[in-house]
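Going left to right, the sequence shown walks through residues 2 to 132 as the numbering used here numbers them.
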Amino acid sequence: MANSTEALERGLTLAPRFDADGLIPAVAQSATTGEVLMLAWMNGEALALTIETGIAHYWSRSRQSLWKKGETSGQLQHVQELRIDCDQDAVVMKVRVDGDGGCCHVGFTSCFYRAVAGPDGKLLQIAPDPS
2 MANSTEALER GLTLAPRFDA DGLIPAVAQS ATTGEVLMLA WMNGEALALT IETGIAHYWS
62 RSRQSLWKKG ETSGQLQHVQ ELRIDCDQDA VVMKVRVDGD GGCCHVGFTS CFYRAVAGPD
122 GKLLQIAPDP S
């Protein structure tokens, strides 16, 4: 834990600030293209395992359990770089993905395969359907 705002914001000590549920948002992006692949959550154990193993681990809020991304699908996320934001309450990881490179549980490479198309809130699919 950083003992001052200066230490938190400018220091070189990792001192993640987890929310009231013990979680921190984690964005995974392609190390090659920079495309945002997914947003998930990490607890302290997931963050520590990610740093220790170089493989992305998350906390599943729906299952209330630790989750090693790609363990069953073969789409492991190899962390090439992990960054923490200025107030240490969010992380961004540049990852290389095994298998077909997909990250979305419905088959798309990125979970962000739709765009809001206008003021009416309609969605436009911007990636080809993988099925």
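For every residue, glycine included, the Cβ atom is placed at its ideal position computed from N, Cα and C.
According to DSSP, residue i sits in a beta bridge with which residue or residues?
i    : result
I127 : The partner list for I127 (beta bridge, DSSP) is empty, contrary to what the question assumes.
A41  : A27
S61  : S66
A116 : L125
I56  : H79
Sorted by chain position, which residues of the same chain lie with C-beta nearer than 6 Å to residue i's C-beta, five sequence neighbours on each side aside?
i    : result
A116 : L125 and I127
A1   : Since the displayed the chain opens at 2 and closes at 132, residue 1 lies outside it and no answer follows.
I85  : V92
I56  : L77
A118 : L125
Could you spell out the range, first to last residue, of the beta strand (DSSP E) harbouring residue i?
i   : result
E82 : Q78 to I85
V92 : V92 to V98
A16 : That residue, A16, is in no beta strand (DSSP E); it is neither H nor E in DSSP.
Less than 7 Å between C-beta atoms, sequence neighbours within five positions excluded: which residues of the same chain meet that for residue i?
i   : result
E1  : This structure leaves residue 1 out entirely; the chain is present only between 2 and 132.
K95 : Q30, A32, Q81 and E82
E46 : L67
C87 : E10
Measure the beta-carbon distance from residue i to residue j and round it to whole angstroms, keeping in mind my assumption that it falls under 8 Å.
i    : j    : result
L67  : W60  : 6 Å
G103 : S132 : That pair is no contact at about 12 Å.
At which residues does the alpha helix (DSSP H) containing residue i begin and terminate?
i  : result
A8 : T6 to R11
By Cβ distance below 8 Å, which residues in the same chain neighbour residue i in space, the five residues on each side in sequence not counted?
i    : result
Y114 : C105, Q126, I127 and A128
V98  : S31, L38, G71, Q76, L77, Q78, H79 and C104
P17  : I25, G45, L48, I85, Q89, D90 and V92
Decide if the region 7 to 25 is in contact with the region 73 to 82; the criterion is three or more beta carbon pairs, one per stretch, under 8 Å apart. No: the two stretches stay apart, fewer than three of their Cβ pairs being nearer than 8 Å.
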